[in-house]
Every structure is written in structure tokens, then in C-alpha cells.
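A short worksheet on the structure shown next.
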Amino acid sequence: MKIDLNTAKILNELQYNFPLTPTPFRDIAYNLGISEDYVLKIVRNLMEHKIIKRIGFTVNYKSQGKVAALVGVKVSSREDIERLRMELLNNQEVTHNYLRDDPDFQVWFTIKAPSFEILKNDVAELLENKLKLSDYVILPSKRVCKVSVRYDLIKGIGWSKPTEQPNDVPKPEEIGIPPTLPREVSRLKPVSRPYLEIAKKYGLSEEELLNIVRLMLEKGILRNPGASVDGDKIGFKYNVMTVLNVDDTEYACKFLKDEVWEASHIVERIVPERWPYPVYFVLHAMKKDVVEEVINNVIRHLKPISYRKLYSIENLKPGVAR
Numbered sequence: 001m002k003i004d005l006n007t008a009k010i011l012n013e014l015q016y017n018f019p020l021t022p023t024p025f026r027d028i029a030y031n032l033g034i035s036e037d038y039v040l041k042i043v044r045n046l047m048e049h050k051i052i053k054r055i056g057f058t059v060n061y062k063s064q065g066k067v068a069a070l071v072g073v074k075v076s077s078r079e080d081i082e083r084l085r086m087e088l089l090n091n092q093e094v095t096h097n098y099l100r101d102d103p104d105f106q107v108w109f110t111i112k113a114p115s116f117e118i119l120k121n122d123v124a125e126l127l128e129n130k131l132k133l134s135d136y137v138i139l140p141s142k143r144v145c146k147v148s149v150r151y152d153l154i155k156g157i158g159w160s161k162p163t164e165q166p167n168d169v170p171k172p173e174e175i176g177i178p179p180t181l182p183r184e185v186s187r188l189k190p191v192s193r194p195y196l197e198i199a200k201k202y203g204l205s206e207e208e209l210l211n212i213v214r215l216m217l218e219k220g221i222l223r224n225p226g227a228s229v230d231g232d233k234i235g236f237k238y239n240v241m242t243v244l245n246v247d248d249t250e251y252a253c254k255f256l257k258d259e260v261w262e263a264s265h266i267v268e269r270i271v272p273e274r275w276p277y278p279v280y281f282v283l284h285a286m287k288k289d290v291v292e293e294v295i296n297n298v299i300r301h302l303k304p305i306s307y308r309k310l311y312s313i314e315n316l317k318p319g320v321a322r
């Protein structure tokens, strides 16, 4: 599907300026000087072509009492890659899975579980026992500084403003919210009043529901309002995970969060001695020189002991709405 300028503007509004109102598509249309019917037509077309994966909110895994880790796996053949890809394809706890150009670990995926012990056991069962892949690292999240994937089709590089990421995220029921409600609002229908049906189901007005949505955003139960877009389908060919070995991880994370708006993910991880890179950030762009410039600026400023750039070669689990 060809993305013309009007469609690009609509996609940007859906990602960067999604209104928390009962009529978000009407408000976007007003901001762009076009009709709501036209916006909804474009949105439905983009969803049909799976360019928009979902419109709504990301449900924070911490609000479900889960932990997360990044796993890097050494593979020696395409057969190994395919076997691992097929195992992870239908695993609901895996949200990212990429083949990357690292000499030590080539397949990288994120996985969630109710506890780190369960996570370790799940990974060992899959990789060691089932697939006979024994060389891997598990890198638990120590501090999540930013998670916000936005693709600016006008600038050609992803970026988003820094946002606070609370470490302690309550379960919805702990603050008087039905546990099923976050998932209900995570996927909104492309209709004029997308909250109406959900509000009626819970005996609420649309404004009452939106007040609860605002509270969940404030508490970190929900994040990233708006459209989740498939970057591969709109020309964002360059996805690079840069990992840093630095003395002061707290300063590095703060600098990345405050100054490097192009970073979609900024995470400090617990790392073993064999993988001495506790800080990582991810960039997405249409052109390689654009991400290289950002990385070079970061390296000049932070002066890491060492670092690696892991470019994505293949998305092994495309189309997943986080």
C-alpha cells in the first residue's frame, strides 16, 4: 500500500497526538482540516493492510505481576533459526524476536513470566531441552527508562518525548479497576465513538471511562496511547539495538532518556560477565546514515568502555501489537 502525504500525516497524528476524548478520530480530522469519514476510511484501510497493528494502548506487563528479560541465542544454521522462530511464533509471552548481526548471539527475543525463576526455567526448557541450543544469555530488566515506538513518516526516523516509567506498577484491581478493563481499551475499534461500547459494558459513561484510562496511564498500567504501526511495512528498514558497557549506568540511562528522543527503548539490564553491556537502546529509521549519526553522537558523549551495534537482519515475529 502506497503511503501518500495525507496518509503519513494521519499516521503521525494517530501515533503522536492521539486525543483522549470520546471522539478521537473526529478530533484528529479537525486538527488536519479533513473529514472524520476520510480519517476513518484511511485508518480502516491501514488496519486491513496490517500497517496499523492496533489502536489503543499498550498494557504494561508489570501491571500483570510479570517480569521480563531479553534473551540472546547463538545459532549456527538457518535450520536452528527456523526451529526457534516456529517455537516462539505462537508464544504469547514473546513480543519481539529478531535475527541480528552479532558474532556471539544472533537471535534476540524478549520474554515474560510470573517470576524470574519461572522465566529461567521456561527458557532452559525451550532452548536446552527442546531445541538443543545451549549457548545463550538471559538479561533481565533492571530499570526500564523508556518504551515508546513511534515512526515519524515525515522525518524518516522514530522519536518520542521522554516519559516517566514508574518502577512500581499496581495491578488494576489494587486501585479499584476491573482487571479485564486494560485489555478491553488496548484495542479500540475504528469507529466514531470507540469507547462507547466498552463504557456501556462496564456501566460507565464515556467520560468516566476516559478518566479511568487517564488514571491507568498515570499509574503506568497503560502506556503509549494511539496507533501501533508496523515499521517494516512503511519503509523503516533500519532497526538497530546498541548495547553499551559504561561505568555509570544511571547517568547513561538518564542522558539517553532526556537527550536521545530517537530511542524507542532504553533499558538497564542485569548482565553476566561474558556480556558486559548493561545499557541498551533501540533506533528505527528509513536510512542507515540517520541512525549512525545518532549512535555516533551518543558514543562521543558517553565514551563507553565498549559497545556493539546489533542491526536487525530479519524480524522473526512480525506484526505483533505490543
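So in full-length UniProt numbering the end of the sequence shown lands on 322, straight run, no missing numbers.
No residue lacks a Cβ here, since even glycine has one placed at the ideal position from N, Cα and C.
Residue burial classification, residue i (beta-carbon count within 10 angstroms, cutoff 16)
i	result
E314	exposed
R183	exposed
G56	buried
H49	exposed
I118	exposed
G220	buried
G158	buried
N60	buried
R274	exposed
S148	buried
E125	exposed
Y280	buried
R100	buried
K146	buried
P24	buried
E128	exposed
N296	exposed
L244	buried
P103	exposed
Under the three-state DSSP convention, the category residue i falls into
i	result
T110	strand
H301	helix
N90	coil
P276	coil
R193	coil
N60	coil
N17	coil
G72	strand
S77	coil
V213	helix
T95	strand
S312	strand
L222	strand
V185	helix
I28	helix
Y202	coil
V67	strand
I3	coil
I10	helix
I177	coil
Short Cβ contact (8 Å threshold) for residue i with residue j
i	j	result
Y307	I299	yes
H301	F255	yes
K53	S228	yes
E268	T242	no
P225	L217	yes
R223	Y16	no
I111	E93	yes
I270	K155	no
L181	Y202	yes
M1	I34	no
I305	V240	no
P22	R193	yes
D258	P318	no
Y238	V291	yes
I234	L316	no
R44	P190	yes
V185	I198	yes
E13	I28	yes
A69	P140	yes
G65	P19	no
V137	P272	yes
V260	V294	yes
R83	L131	yes
Min CB distance residue i to chain E below 8 Å
i	result
Y238	You won't find chain E in this structure, because it holds only one protein chain.
Distance cut-off 7 Å: residue i Cβ against heavy atoms of the ligand NAP
i	result
A29	For the ligand NAP, the structure offers nothing, since it holds no ligand at all.
Segment contact flag, the region 89 to 108 with the region 64 to 81, C-beta cutoff 8 Å, min 3 pairs: yes
Segment contact, 8 Å Cβ cut-off, at least three pairs: the region 162 to 175 with the region 30 to 39: no
4-residue-minimum alpha helix (DSSP H) runs that sit fully inside the region 107 to 170, ordered along the chain: 116 to 124
Length at least 3, wholly inside the region 227 to 296: the beta strand (DSSP E) runs in chain order: 238 to 245, 265 to 269 and 279 to 285
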